[in-house]
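So the structure is just underneath, and the comments pick up after that.
Numbering (UniProt numbering), first residue to last: 1 to 247.
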């Protein structure tokens, strides 16, 4: 009985040894994976534009590099989007000598910015930017029927032709000239009557724009200088729509 117990002890010793080796192997492989990820991130970070553009270069090796700041590993140049982002982006483009086109990384998202109006016009006039970003709120409000949010295609081009032929044609613009002149005179009168007190110019211009739209679409006129319950309700509805689109 004693010899049998002694003979089986080596099994426990071997199993414990194997468990120890397995645990060490797991730690070793985890360390190798972590080290590989760290080295890969450093390689991506060293690429012009930062880690996002480095990983993109790995997938598309033939694409030419675009100059830009490296930023920080993993997070890239996300710090450029704080505060006055347009000033920081312009300064970064100036320092990198990349005012025509600058690449930078927002985490793992590649981004581009240009300080050149000709390049911006070429980019924005391409078919890639024909559609606005898809927003669920815009679909719920307008069901993709508005010219501002409808996807690019036959429906949108038809709307554009109708607007160009019937709404923004020279004859129609000339016909609504008196209407715009009246609204402009109302705005000037409101600003002149409040010259000794504080006034939010933005609210006056929003009301004038709303008045112009209501005149053009529904034939309803509102006085910019006076606000009634109907005007307030209409303003609230428009503000709610803008809030939904912004969020």
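Note that beta-carbon positions come from the ideal geometry of N, C-alpha and C, so glycine has one too.
Predicted model, so just to flag it, every value in this text is computed and none were measured.
Return the CA-CA distance between residue i and residue j, expressed in angstroms with no decimal places.
i, j, result
"residue 85", "residue 24", "48 Å"
"residue 176", "residue 226", "22 Å"
"residue 115", "residue 105", "17 Å"
"residue 243", "residue 137", "10 Å"
"residue 79", "residue 87", "12 Å"
"residue 179", "residue 219", "11 Å"
"residue 75", "residue 108", "7 Å"
"residue 2", "residue 36", "Confidence at residue 2 is low in this model, with a pLDDT of 43, below 50, so its placement is unreliable and no value can be given for it."
"residue 211", "residue 152", "29 Å"
"residue 206", "residue 234", "12 Å"
"residue 57", "residue 38", "17 Å"
"residue 208", "residue 163", "21 Å"
"residue 239", "residue 139", "17 Å"
"residue 213", "residue 129", "26 Å"
"residue 90", "residue 97", "10 Å"
"residue 77", "residue 94", "15 Å"
"residue 202", "residue 221", "20 Å"
"residue 46", "residue 245", "38 Å"
"residue 161", "residue 61", "42 Å"
"residue 237", "residue 59", "48 Å"
"residue 173", "residue 82", "42 Å"
Which of the three DSSP states is assigned to residue i in this structure?
i, result
"residue 149", "coil"
"residue 114", "coil"
"residue 3", "With a pLDDT of 46 at residue 3, under the threshold of 50, the modelled position of this residue cannot be trusted, and the question is left open."
"residue 241", "helix"
For the beta strand (DSSP E) holding residue i, just list the boundary residues, first then last.
i, result
"residue 142", "From DSSP, residue 142 is part of no beta strand (DSSP E) but of the alpha helix (DSSP H) over 136-142."
"residue 105", "102-106"
What residue does the alpha helix (DSSP H) around residue i start on, and which one ends it?
i, result
"residue 185", "177-193"
"residue 157", "154-162"
Does the separation of the CB atoms of residue i and residue j fall below 8 Å?
i, j, result
"residue 187", "residue 224", "yes"
"residue 71", "residue 50", "yes"
"residue 67", "residue 48", "yes"
"residue 117", "residue 92", "no"
"residue 124", "residue 112", "no"
"residue 110", "residue 120", "no"
"residue 32", "residue 73", "no"
"residue 156", "residue 165", "no"
"residue 191", "residue 199", "yes"
"residue 141", "residue 241", "yes"
Would the C-beta of residue i count as close to the ligand GTP, meaning under 7 Å from any of its heavy atoms?
i, result
"residue 83", "Among the components modelled here there is no ligand, and therefore nothing to report on the ligand GTP."
Please give me, in chain order, every unbroken run of the alpha helix (DSSP H) with length at least 4 that falls completely inside the segment 40-87.
Annotation note: the segment 40-87 contains the following uninterrupted alpha helix (DSSP H) runs of length 4 or greater, listed N- to C-terminal: 51-59.
If you scan the segment 187-233 from start to end, which runs of the beta strand (DSSP E) of 3 or more residues do you find wholly inside it?
Taking only runs of at least 3 residues, no beta strand (DSSP E) segment lies wholly in the segment 187-233.
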